Structure formats: structure tokens, C-alpha cells
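Q:
In the numbering used here, the protein residues as written are 1 to 369.
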């Protein structure tokens, strides 16, 4: 017999602000009559400005759904609340969909406008216009990847001052993303049909244009990717190809592939293993200064001995007094440590933790103590 105990973990409550249309009434590009029923493109702000936890960073969140729907809760609202808990404001994007006869470049237009609108509201919303990222899941991950690679493409005609603002995200987070639209072995057919439309679904040239692994350049922002090896809906090769393209172009980033886990998990906080992907994202954002903004650092060089014994191998980790600032670890070898300024700890007070080995010489041998 199997006994199951169910329990709930309550998330901190944060009041979402009123939804904001991406364009003024009558100005939305590619508008269709059906939009009167399904709603025009918009985003819903979840702002941290004025709250205890507030660091000025922001992110536009693109829920998944194969370009045929929107997973607004576990890939939208829950993600916004997760960011709010870390002092980051979020804008959950409601972009237009294939079943409503909206096809490329409409979706790219929506995400470009959302990033521009968030950046143009920076002063009012209390965010740093130089720390605005984009995040997406599944097909929303594809949309976020297009935002990170096609931000210079004119996806729609400019209409006002907002469109004079940059659409380039400062960082990107791609979660089990659809990336390649050409290779049928790894592609997601539903996303391709909904994005390109029935008349272009078999057009490989158009599919190639929106295959984000082929569009990575030296200007692509730092990117974090998360996927599972078991994902049968969107194969992990999608993330691998994007990360490989990043590596070729010298783009900073991380990719985390978990062995177990289905597609479309969201935060998946109930899973004792997979839940850690969001902790890894948290550390990546923090240590790349997206929480704190640029920090002045200092070079280091010195020696360390404990109880007059040589430290053979170890590390010194600097934990800044400002908890939003990057944590820095410096390697210790044979008692010596050094770091150039770009890799050194941030200026200011830090708690320093040493971890490692001390060696005692005994004849011709060395013993670890």
C-alpha cells in the first residue's frame, strides 16, 4: 500500500498592477477584428518599487503554449512572484497567437514593444533601464530567444517615442525553449505552424530565419538555459544548439540539463531535484550583478597559512555585506592566491570564508590534516 501526505507551501502574496496595453488604442500593428474578443497585446506588471525587497532589475516574462495558448499561471504569474521575492520587477507578456491568425512577425513585434515599453517606464516603475531581461518557457522561450537575437530587426513600423528606445534585453533566460524551427528531428511542429501560419508552415527558409541558434551574434546578451534530458515535447538538443552558438560567439552564460523531468514544469518546486534549477538561476543573476548593478572590484594577491602550516589547496570566498552583490571565490594553491581586478571581490565589507587543505611535511611524504 502507498500512503501519500499532501501539503501546500504558501507563496508570498504580491498584488499585480493593472494590465497595460502595449500600444495606444488604434495604434497596434497587425491588428485583427478577433482582437476585440481575445484581447490586444499587453503586459501585467508585478512591481517591487517601494517594497522592502527592491533592487531595480526587471524582466519581461513570456509564458509558453506552442504559440497556440498561454500558460499564464505556472509560466507567468508564479514566475513573476518568484522574481518579486528577489527584489526584481516582472512584466508578464500576453502576446498574440496563431489560432487568432496572428503569425510572424507579430509575436516578435509584441516582445520587442514590451521590452521597449518597460524600458520607457523605468523612471516611473523604479527600475534600471540597463538591467531589463527577457525570460520565456517552451514556445515563450523561443519568443525570448528571438528577442535576444533579432532585437535589431524592424518587426513593426515605429509609431511613437517608445519605439525609439532599445529593444535589446540585458540578459535572457530560456527554459526548455523551442529554438530550431528547421530540423524536424528536434523541432516542435505545433509551434512552427502557429508561428509561421498555415501558408508558410512548410517554408524552410522562413523557418530558418526564426531558428534562434542560427541568429546568435556577438551582441546576443548573456543567457541562462534550463532543460531536462527526458523532455519529449521539445528535445534538449534545442538548448544545446543555442548554447553551442553562444560558446562560438563568446557569449557569457550557463546551461543546466537535468536528467529527469517532463516538459512544461515551470518552477516545479515540489520536485526535490528539479526545483534547484531556479536556485541556479538565482545565483547566476546575482553573480552577474543583475541584482546589484555594476560593482567596483579589486585585484587581490597574497599568501595564507593556518597555524603556521602551508595551505596546499583551497578557496577564499568573499560574501559582501550587500546581499544583492556578487559573491566571489578565489582559488588558493600552495598558500598563494591572486585575482585580477575583473575577477576580484567587490569593494566594501565582506565576510571571508576559507575552505581547503593543510599539509604537514613528514619525511618525503605530505599528510592532509
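Glycine is no exception: its CB is placed at the ideal position from the N, C-alpha and C atoms. The structure presented is a predicted model; accordingly, all values stated were derived computationally and were not measured.
To the nearest angstrom, how far is it from the Cα of residue 290 to the Cα of residue 86?
A: What you label residue 290 is simply residue 290 of the chain shown in a count that begins at 1. What you label residue 86 is simply residue 86 of the chain shown in a count that begins at 1. When rounded, the distance between both Cα atoms is 11 Å.
Q: According to DSSP, is residue 23 helix, strand or coil?
A: Here residue 23 refers to the residue found at position 23 when the chain shown is read from its first residue. Correct three-state label for residue 23: coil.
Q: DSSP state of residue 328, grouped into three classes?
A: For the purposes of this step, residue 328 is taken as residue 328 along the chain shown, with counting starting at 1. Looking at residue 328 - three-state DSSP - the assignment turns out to be strand.
Q: Residue 372 to residue 232, Cα distance in whole Å?
A: With the chain covering only 1 through 369, there is no way to say anything about residue 372.
Q: The beta strand (DSSP E) spanning residue 310 covers which residue range?
A: If you number the chain shown from 1, residue 310 lands on position 310. Its beta strand (DSSP E) spans residues 309–320.
Q: Following the continuous alpha helix (DSSP H) through residue 78, name the residue where it begins and the one where it ends.
A: Reading the chain shown from its first residue, position 78 is the one you call residue 78. Segment 78–85, the alpha helix (DSSP H) holding residue 78.
Q: Among 205, 250, 210, 189, which residue has its Cα nearest to the Cα of residue 219?
A: For the purposes of this step, residue 219 is identified with residue 219 of the chain shown, where counting begins at 1. It is 250 whose Cα lies nearest to the Cα of residue 219.
Q: Taking the alpha carbon of residue 185 as the reference point, which residue from 194, 197, 241, 195 has its own alpha carbon closest?
A: What you label residue 185 is simply residue 185 of the chain shown in a count that begins at 1. Comparing Cα positions, the closest option is 241.
Q: Considering residue 246, what are the terminal residues of the alpha helix (DSSP H) in which it resides?
A: Indexing the chain shown from 1 puts residue 246 at position 246. First-last of the alpha helix (DSSP H) with residue 246: 237–249.
Q: Per DSSP, residue 94 is paired with what?
A: By 1-based counting over the chain shown, the position of residue 94 is 94. 42.
Q: With residue 169 and residue 147 assumed to form a contact (beta carbons below 8 Å), what rounded beta-carbon distance in angstroms separates them?
A: In the chain shown, residue 169 corresponds to position 169, counting from 1. In the chain shown, residue 147 corresponds to position 147, counting from 1. Correct: roughly 6 Å between the Cβ atoms.
Q: So, at 7 Å on beta carbons, what are the nonlocal neighbours of residue 255 in its own chain, with the 5 sequence-adjacent residues on each side left out?
A: Here residue 255 corresponds to residue number 255 of the chain shown, with the count starting at 1. Taken in chain order, the residues that qualify are 225, 239, 243.
Q: Enumerate in chain order the residues of its own chain whose CB-to-CB distance from residue 259 is below 6 Å, with the five nearest sequence positions on each side excluded.
A: Taking the first residue of the chain shown as position 1, residue 259 is located at position 259. So the list reads 229, once near-sequence residues are dropped.
Q: Going by beta carbon distance, what residues of the same chain come within less than 6 Å of residue 23, once the five residues before and after it are set aside?
A: Start at 1 with the first residue of the chain shown, and residue 23 comes out as number 23. Cβ neighbours of residue 23 beyond the five flanking positions: none.
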